[in-house]
Amino acid sequence: MEKFLVKEFASEIVEQSKGRISTIDAEALAIVYIAKMKSIHPPYSLRKILQKGVHNL
Numbered sequence: 001m002e003k004f005l006v007k008e009f010a011s012e013i014v015e016q017s018k019g020r021i022s023t024i025d026a027e028a029l030a031i032v033y034i035a036k037m038k039s040i041h042p043p044y045s046l047r048k049i050l051q052k053g054v055h056n057l
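Numbered according to UniProt numbering, the sequence shown spans residues 1 to 57.
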């Protein structure tokens, strides 16, 4: 799944850059971006607010 996501994201980066970025560079950028997005955790207060919202449904 991640390989597919990296390939799709990289092809979109190359397309958006109109060929100024190579595919290998775009794949590296996609890997770093996806890794950063995975490491982001919502703040504790936001998590509590979301839990309260779910319990009120």
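Cβ atoms here follow ideal geometry from the backbone N, Cα and C, with glycine treated the same way. Keep in mind that this is a model prediction, so the values were computed, not measured.
- A distance below 8 Å between beta-carbons, with the five flanking residues on each side excluded, links I34 to the following residues of its chain, in chain order: E2, L5, V6 and F9.
- For I31, the three-state secondary structure derived from DSSP is helix.
- Annotation for S11: the continuous alpha helix (DSSP H) segment containing it runs E2 to Q16.
- Within the same chain, I13 come within 7 Å of L29 by CB-CB distance, once the 5 residues on both sides are set aside.
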